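**Q** Pasting a structure below so you can have a look.
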Amino acid sequence: MSNIIWKIKTFDEFTVPELYAVLKARVDVFIIEQNCPYPDLDNYDQKAVHIWAEENGNVLAYCRIFDRGIKYDETSIGRVLTTEQGRGKSLGKLLIKYAVETIENRFHTSEIRISAQDYLLKFYGDFGFEDTGKKYLEDDIPHTEMIRN
Numbered sequence: 001m002s003n004i005i006w007k008i009k010t011f012d013e014f015t016v017p018e019l020y021a022v023l024k025a026r027v028d029v030f031i032i033e034q035n036c037p038y039p040d041l042d043n044y045d046q047k048a049v050h051i052w053a054e055e056n057g058n059v060l061a062y063c064r065i066f067d068r069g070i071k072y073d074e075t076s077i078g079r080v081l082t083t084e085q086g087r088g089k090s091l092g093k094l095l096i097k098y099a100v101e102t103i104e105n106r107f108h109t110s111e112i113r114i115s116a117q118d119y120l121l122k123f124y125g126d127f128g129f130e131d132t133g134k135k136y137l138e139d140d141i142p143h144t145e146m147i148r149n
């Protein structure tokens, strides 16, 4: 029996333990696992809506979403991750489904722009995201900008 709980909160709604768990998950995946030192704390968390799955206080999957005009002209999804203990449970697919639904419900649009790591292009393509042709290295990791209309 799974005890996975999904949460959707603005920055000001976080409890201190929740914020710590989310930041720990981001550091563990993006900085430690991907061996990529980068400034994760970018002053955008305060403007984001945060979506995550947790079990016993541990974050299993996470992303943050933004309204139009914050990161791009369109709404956006970023910092998408599944932690080691969350992998293999299809949580990534549920996470993107919830992120898209939350954007549609809160921001009343389905136009979403993302910066996807290249190995995930097919994954995002399954949710209607299309390659814009804009490819670049972000922290030495190949990325592609994608849009969903």
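Going by full-length UniProt numbering, the residue at position 72 of the sequence shown is 72; the numbering climbs one at a time, nothing skipped. The beta-carbon is built from N, C-alpha and C at its ideal position, and this holds for glycine as well. Note that this is a predicted model, so its numbers are computed, not measured.
1) So, under 8 Å CB-CB, Ala-99 and Ile-147 are touching, yes? Tell me the CB distance rounded to an integer number of Å.
2) Would you kindly check if the distance between the Cβ of Glu-74 and the Cβ of Ile-5 is under 8 Å?
3) Could you give the residue range of the beta strand (DSSP E) that holds Gly-133?
4) Could you round the C-beta distance between Thr-82 and Leu-94 to whole angstroms and report it? I think they count as a contact, below 8 Å.
5) Nearest to Glu-111 by alpha carbon, out of Gly-128, Phe-123, Phe-30, Val-49?
6) Alpha carbon to alpha carbon, how far is His-108 from Val-29? Give it in angstroms, no decimals.
7) Under 8 Å between the Cβ atoms of Val-80 and Ala-21?
8) Counting only the same chain and skipping the five closest in sequence on each side, list residues whose C-beta sits under 7 Å from that of Glu-138.
9) If I'm right that Val-49 touches Thr-102 with Cβ under 8 Å, what's the distance once you round it to whole angstroms?
10) Once DSSP output is grouped into helix, strand and coil, what is the label at Phe-66?
11) Give me the residue from Thr-10, Tyr-124, Gln-117 with the minimum Cα distance to His-143.
12) What are the partner residues of Gln-117, as DSSP defines its beta bridges?
**A** Inspection of the coordinates gives the following:
1) Actually they are not in contact, since the Cβ atoms of Ala-99 and Ile-147 sit about 15 Å apart, beyond 8 Å.
2) No, Cβ-Cβ distance for Ile-5 and Glu-74 is not below 8 Å.
3) 130-138
4) Incorrect: roughly 10 Å between the Cβ atoms, too far for contact.
5) Gly-128
6) 31 Å
7) The answer is no: Cβ separation not under 8 Å.
8) Excluding five sequence positions before and after Glu-138, the CB atoms of its chain that fall closer than 7 Å to its own CB belong to Ser-115, given in chain order.
9) 6 Å
10) Taken through DSSP and simplified to helix, strand or coil, Phe-66 comes out as strand.
11) Gln-117
12) His-143
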